[in-house]
Amino acid sequence: MATLCSSDNDQTIVCLNCGTACSGKFCPECGQPTNTTRLQMRTLWRSILAGFFRVNQKFFFTIGQLLWRPGRVVMRYLMGHRVCYTPPATMLVIMAFIVAIIKGIGDSWGLLEAHSSLTSELANNASGGLKWFIQLVSENTIVATSLMLPPGMLALRMVYGKQGASRFNLAEYIVFAIYIASVIVLGYAVYMLVEMVFNFDIYSVVQYYYAFIFGKMLWDLFPCGSRARNLRRLILFAFIALILYIVWMIILYSALILIVYGIQRPTEFVLDS
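For the sequence shown, this note's numbering gives the first residue as 3, with consecutive numbering after it.
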């Protein structure tokens with residue numbers, strides 16, 4: 003089968019995708035191969051397998067790097083080394099989809115054990131929209147992680163501003179936050195898989211892993227000199243982030259209470275009338 007690329011001579015080829023006259027194996031404008039042929043079953047399966055392998059190669063490479071060196075992934079991505087990594091938003095969406103499937107299988111087969119928390123206890127004593135919101139936070143890893151990010155990012159700038167945290171702009175902080183969320187969701191997926199397959203609870207181990215990997219990430223990204231000073235910064239960051247998170251959740255819960263009861267009271271007044 004002859005190629006579909008049109009050519010005036012042996013050197014010049016017109017790209018079928020964008021119409022650019024070019025030479026060589028790839029178009030300099032759009033990157034499409036210049037030896038594009040008519041689609042056949044053989045080429046169709048070859049392109050599907052090649053695309054699937056490339057996507058999974060990047061995805062699993064990014065997972066491996068995030069599990070052990072998330073700080074390196076963040077810095078390399080922000081510095082422009084992006085071809086070998088799955089983009090942060092895509093990574094988080096894929097991980098959320100995987101977690102939803104694992105959790106659905108575990109819940110339907112009774113393979114996952116629920117862990118009590120402060121939010122779940124609050125949900126038992128709440129009602130209406132407030133109960134729905136608390137259950138959403140306590141049962142949805144993505145939502146809970148997203149709520150943790152704003153106070154964490156603020157604490158990061160407060161504690162490590164002089165060590166380089168202030169040099170990042172808003173878009174870079176969003177990338178930073180999404181990759182952190184991906185690490186948290188990834189750890190949660192590993193925890194559920196281990197509990198389902200081996201019937202072994204590693205919930206506390208995952209919590210220690212989070213503390214270790216985030217401490218290591220901050221240690222590598224924002225060095226403060228001596229080990230003692232790095233350790234003091236980590237402790238200060240954990241303390242400030244915890245305080246900011248408590249204040250942040252109080253504000254959210256208070257706002258939701260005002261909204262819920264602000265809606266309920268006029269309704270009750272109309273019914274009483």
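The beta-carbon is built from N, C-alpha and C at its ideal position, and this holds for glycine as well.
- An exposed status is given to leucine 244, since fewer than 16 other beta-carbon atoms sit within 10 Å of its beta-carbon.
- For valine 196, the three-state secondary structure derived from DSSP is helix.
- By the C-beta criterion, the region 166 to 183 is judged to be in contact with the region 91 to 100, since at least 3 inter-stretch pairs fall below 8 angstroms.
- Beta-bridge annotation (DSSP): proline 35 is paired with Phe28.
- For isoleucine 204, the secondary structure class from DSSP, reduced to helix, strand or coil, is coil.
- The C-beta distance from arginine 159 to serine 148 rounds to 18 angstroms, too long to fall under 8 angstroms, and the pair is not in contact.
- Of the residues assessed, alanine 230 falls on the exposed side of the cut-off, its CB having fewer than 16 other CB atoms within 10 angstroms.
- According to the DSSP assignment, leucine 94 belongs to the alpha helix (DSSP H) that extends over 90 to 111.
- Boundaries cannot be given for arginine 84, as no alpha helix (DSSP H) includes it and DSSP labels it neither H nor E.
- Of Asn37, Gly82, Arg44 and Met93, the smallest CA-CA separation from threonine 64 is found for Met93.
- A contact is defined here as three or more CB-CB pairs under 8 angstroms, and the region 61 to 81 meets this definition with respect to the region 214 to 222.
- Taking every protein chain shown into account, the CB of phenylalanine 202 has fewer than 16 other CB atoms within 10 angstroms, so this residue is exposed.
- Threonine 88 and methionine 150 have their alpha carbons spaced roughly 23 angstroms apart.
- Annotation: the continuous alpha helix (DSSP H) that includes proline 72 extends over 72 to 80.
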